[in-house]
Amino acid sequence: MRPVTLSNEEIRRYSRHLILPEFGMEAQRKLKCGSVLLIGTGGLGSPLALYLAAAGVGHIGLVDFDVVDESNLQRQVVHGTSTLGVRKTESAKMRLRDLNPYIDIATYETQITSENAFDLMRPYDIIVDGTDNFPTRYLTNDASVMLGKPNVYGSIFRFEGQVTVFSPEDGGPCYRCLYPEPPPPGLVPSCAEGGVLGVLPGVIGTIQATEAIKLLAGIGETLIGRLILYDALTMRFRELKLRRNPDCPVCGEHPTITELIDYQQFCGITPEEAQRDTSIEITPIEVAEWLRRDDSPFLLDVREANEWEIGHLPGAVRISVNELAERLHELDSAVAMVVYCRSGVRSARAVEQLRQAGFRKVKNLAGGILRWSDEVDPSMPKY
Amino acid sequence: MAVTVTIPTALRQYAGGHASITLPAGSVGQILATLREQYPQLGKQLYNDQGALRSFVNVYVGDEDIRHLQGVETHVADGETVSIIPAIAGGVMVLHGERCTVNVRYGWKECCYAASHALQ
Chain Z
1 MRPVTLSNEE IRRYSRHLIL PEFGMEAQRK LKCGSVLLIG TGGLGSPLAL YLAAAGVGHI
61 GLVDFDVVDE SNLQRQVVHG TSTLGVRKTE SAKMRLRDLN PYIDIATYET QITSENAFDL
121 MRPYDIIVDG TDNFPTRYLT NDASVMLGKP NVYGSIFRFE GQVTVFSPED GGPCYRCLYP
181 EPPPPGLVPS CAEGGVLGVL PGVIGTIQAT EAIKLLAGIG ETLIGRLILY DALTMRFREL
241 KLRRNPDCPV CGEHPTITEL IDYQQFCGIT PEEAQRDTSI EITPIEVAEW LRRDDSPFLL
301 DVREANEWEI GHLPGAVRIS VNELAERLHE LDSAVAMVVY CRSGVRSARA VEQLRQAGFR
361 KVKNLAGGIL RWSDEVDPSM PKY
Chain B
384 MAVTVTIPTA LRQYAGGHAS ITLPAGSVGQ ILATLREQYP QLGKQLYNDQ GALRSFVNVY
444 VGDEDIRHLQ GVETHVADGE TVSIIPAIAG GVMVLHGERC TVNVRYGWKE CCYAASHALQ
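Which chain is which? The protein sequence lines are Z and B, in order. My numbering puts the first residue of the first sequence at 1, with every later residue one more than the last. My numbering puts the first residue of the second sequence at 384, with every later residue one more than the last.
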């Protein structure tokens, strides 16, 4: 280890660590010369960055290319109202600089990709996965395994979180031992299911920070080989055993994946947007005009009840896209209909479903409620 | 003779909203078959068209993955818990759905997984 000393200022700052017999000067010095790369500065990344900085981790790298949006602040506590519209890496850096001026913070305003992953990760001791999508999770996993670095993993969904440490170097499993393949996009829950309780990433991110600190300081028993499940609604923590898969394509005995691949493709993502069928679309302006005429269309809202509560078009009827198949008999195929949702994606699916069921006079409101708010009625709340 | 099957948040909508379901003891395969009969939509989430458990859904008996026990043959005794643990990606990812305005402007991040599919 590089020789490192703590200044008197640092000793005062970290005194509550230093007086812990299990921690002390040695662990604090290890934190000071330790380095952690945080992938994502969002819900998980926020508490992670704050606690790692406060604890005195000497070198923190932040990877993110997003900017702070109002809808982030319900959970991304490293950012603030004063940094709305600012790059998340910069916003976080300002906060961390204020929190602890004795550490180095490097920012990478980029999306982690197969091309840059090794370069980003190589200088760091520990990788922390605070991302929110499958391609980046598999990329982070594979690159960490190939570089032999521990990957402190956390993920969240609505009220539920998972957290563990993947470290084949230390004999534990990797993410692919747990989940060899990602879910195909069509099989994951619908958008109305996509929210998250703001405090949830606080709990999971803080556990990840705890593990990163323990790994650097070399104290305690880490989560290698154990998966913690947390359910905020029932307030239960559970622990499951994770074992290494000898046939794992990345960390197994005979790995078949030895270099980074195209993770978008691996996760079934095709970037072409051109496949959208625009012939069934109608713009908000056209719908607004149509609604003023005598032959005004029937409006079908295919969102969930909680979204309807936020705001809906006057005169609309709501049938969730998830219930549409069972409730088709409530609709009249002879009547012209405009179907809408938040952004026009679920309604496109609904229109497709209705067309297959013989409804011919069905159009999809392009851009949904969001575009309606932009182009027709600014009083319609966007969410 | 009963076992508890815990249903994760992501799949509760296919299981009548239940967080857990009590079923008669038996093998994991028998228990999941009963679950499929009661909730066919849940069955489609758990099994692929070839009738095998999907690779992004793990099943545990107690704290042990059935892949490290006897798979679907694993016997679940009275009082034990069967857990269904799917892969979750996290964040406020809009899973099958929509592209956030912020992402339209600034890139791929939060809703990427959803967005490109949803547009197909």
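No residue lacks a Cβ here, since even glycine has one placed at the ideal position from N, Cα and C.
- Within 9 Å of the CB of Thr392(B), the CB atoms of chain Z belong to Phe157, Arg158, Phe159, Glu160, Pro189, Glu193, Asp231, Leu233, in sequence order along the chain.
- Per DSSP, reduced to three states, the secondary structure at Gln424(B) is helical.
- Of the candidates Ala117(Z), Tyr124(Z), Gly148(Z), Ala117(Z) places its Cα closest to the Cα of Arg137(Z).
- Met121(Z) counts as buried, since at least 16 other C-beta atoms from the protein chains shown sit within 10 angstroms of its C-beta.
- His79(Z) counts as buried, since no fewer than 16 other beta carbons sit within 10 angstroms of its beta carbon.
- The DSSP-derived three-state label of Phe266(Z) is helix.
- The alpha carbon of Gln428(B) has as its nearest neighbour, out of Val440(B), Thr417(B), Gln421(B), the alpha carbon of Val440(B).
- Counting along the chain, Arg29(Z) sits inside the alpha helix (DSSP H) bounded by residues 24-32.
- Between His451(B) and chain Z, the shortest Cβ-Cβ separation is below 8 Å.
- Rounded to the nearest whole angstrom, the CA to CA distance from Ser71(Z) to Tyr383(Z) is 8 Å.
- By the CB criterion at 8 Å, Thr258(Z) and Ala366(Z) fall outside the cutoff.
- Annotated three-state conformation of Asp132(Z) is coil, per DSSP.
- Cα atoms of Ala460(B) and Ser167(Z): separation of roughly 33 Å, rounded to the nearest angstrom.
- The segment 81-95 of chain Z and the segment 31-42 of chain Z touch, with three or more beta-carbon pairs separated by less than 8 Å.
- Taken atom to atom, the span from the alpha-carbon of Arg292(Z) to that of Val317(Z) is near 18 Å.
- For Asp446(B), a Cβ of chain Z is located within less than 8 Å of the residue's own Cβ.
- Identification of chain Z residues near Tyr443(B) by a Cβ-Cβ cut-off of 7 Å yields Leu240, ordered along the chain.
- Thr387(B) is bridged by DSSP to Thr405(B), Thr464(B).
- Secondary structure at Leu233(Z): coil, using DSSP grouped into helix, strand and coil.
- Taking one beta carbon from each stretch, the segment 391-400 of chain B and the segment 444-452 of chain B have fewer than 3 pairs nearer than 8 Å; the two do not touch.
- Here DSSP, grouped into helix, strand and coil, assigns His254(Z) to coil.
- By the C-beta density criterion, Val4(Z) is exposed, having fewer than 16 other C-beta atoms within 10 angstroms.
- According to the DSSP secondary-structure assignment, Ser35(Z) is paired through a beta bridge with His59(Z).
- Contact between the segment 194-210 of chain Z and the segment 149-161 of chain Z is present: three or more C-beta pairs spanning the two stretches fall below 8 Å.
- In the three-state DSSP reduction, Tyr443(B) falls in the strand class (E or B).
- The beta carbon of Val67(Z) lies closer than 7 Å to those of Gly85, Val86, Arg87, Lys88 in the same chain, with the five residues before and after it left out.
- According to the DSSP assignment, Val362(Z) belongs to the beta strand (DSSP E) that extends over 362-365.
- The bridge partners DSSP lists for Leu300(Z) are Val317(Z), Val339(Z).
- Secondary-structure assignment with DSSP links Phe157(Z) through a beta bridge to Glu160(Z).
- Taking a beta-carbon distance threshold of 8 Å, Ile404(B) does not count as an interface residue toward chain Z.
- In this structure, Leu50(Z) lies away from Ala212(Z), with their beta-carbon atoms at least 8 Å apart.
- When secondary structure is reduced to three states using DSSP, Lys241(Z) falls in the strand class.
- By the 16-neighbour rule on beta-carbons within 10 angstroms, Phe237(Z) is exposed.
- DSSP links Ala106(Z) through a beta bridge to Gly61(Z).
- For Glu181(Z), the nearest CB of chain B lies under 8 Å from its own CB, placing it at the interface with that chain.
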